[in-house]
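One structure is given below, encoded as structure tokens.
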Amino acid sequence: MCHLYASTDTRRYDNITRSVRLQGCVTSVRLENEFWEILDALAASQQLSTARFISQLYSEVIAEKGEVSNLASLLRVVCAVHLQQRQAMMPAPLPRSVCL
Numbered sequence: 001m002c003h004l005y006a007s008t009d010t011r012r013y014d015n016i017t018r019s020v021r022l023q024g025c026v027t028s029v030r031l032e033n034e035f036w037e038i039l040d041a042l043a044a045s046q047q048l049s050t051a052r053f054i055s056q057l058y059s060e061v062i063a064e065k066g067e068v069s070n071l072a073s074l075l076r077v078v079c080a081v082h083l084q085q086r087q088a089m090m091p092a093p094l095p096r097s098v099c100l
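In terms of full-length UniProt numbering, the sequence shown opens at residue 1 and continues consecutively.
Now the structure itself:
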């Protein structure tokens, strides 16, 4: 199991900083490439740029909760929830005895 993680391409967890405009203010967000790729895909699925997707998400959370205490953490959790929901929609694998 450790080999799986140890052999991961370092580009997947390199940090990248992007600028986004949130409610008229420009801010920087630093995330690992893996999260940016997931956010890019989420945004594209809604025909939005990633910056626009993040801006809309931010505005929705502000409207619902009143604040975003840590934007980078919010974005990582959004990615994790997306992956969990996507996995839950996949059909269950066949039992090993059926596969043989």
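Beta carbons are placed, not taken as given, at the ideal position from N, Cα and C, and that holds for glycine.
Item to check | Rounded separation between Leu31 and Val81 - CA only | outcome: Taking the sequence shown and counting its residues from 1, one reaches residue 31 at position 31. Taking the sequence shown and counting its residues from 1, one reaches residue 81 at position 81. About 16 Å.
Item to check | the region 1-15 contacting the region 45-56, beta-carbon criterion three pairs below 8 Å | outcome: Output reads no: the region 45-56 does not touch the region 1-15.
Checklist entry - How about Leu71 and Val29: are their beta carbons less than 8 Å apart? => result In the sequence shown, residue 71 corresponds to position 71, counting from 1. In the sequence shown, residue 29 corresponds to position 29, counting from 1. Cβ atoms of Leu71 and Val29: closer than 8 Å.
Item to check | Terminal residues of the beta strand (DSSP E) in which Asn15 lies | outcome: Here residue 15 refers to the residue found at position 15 when the sequence shown is read from its first residue. It spans 15-22 - the beta strand (DSSP E) in which Asn15 sits, taken as one unbroken run.
Item to check | CA-to-CA distance, Ser69 to Ala43, given in whole angstroms | outcome: Start at 1 with the first residue of the sequence shown, and residue 43 comes out as number 43. Start at 1 with the first residue of the sequence shown, and residue 69 comes out as number 69. CA-CA distance, Ala43 to Ser69, rounds to 22 Å.
Next on the checklist: Just verifying my parser: in three-state terms, what is the DSSP assignment at Ser7?
Outcome noted: In the sequence shown, counting from the first residue as 1, residue 7 sits at position 7. Judged by DSSP in its simplified three-state form, Ser7 adopts coil rather than helix or strand.
Checklist entry - Quick one: what's Arg30 bridged to in DSSP? => result Looking up residue 30 in the sequence shown gives position 30. Arg30 is bridged to Thr17.
Next on the checklist: Taking 7 Å as the limit between beta carbons, can you name the residues of its chain near Cys79, skipping five residues before and five after?
Outcome noted: One-based indexing of the sequence shown puts residue 79 at position 79. For Cys79, same chain residues with a beta-carbon under 7 Å away, outside a window of 5 residues either side, are Phe35, Ile38, Leu39 in chain order.
Next on the checklist: Please report the distance separating the alpha-carbon of His3 from that of Arg12.
Outcome noted: Stepping through the sequence shown from its first residue, residue 3 is reached at position 3. Stepping through the sequence shown from its first residue, residue 12 is reached at position 12. Near 16 Å, if we compare the C-alpha coordinates of Arg12 and His3.
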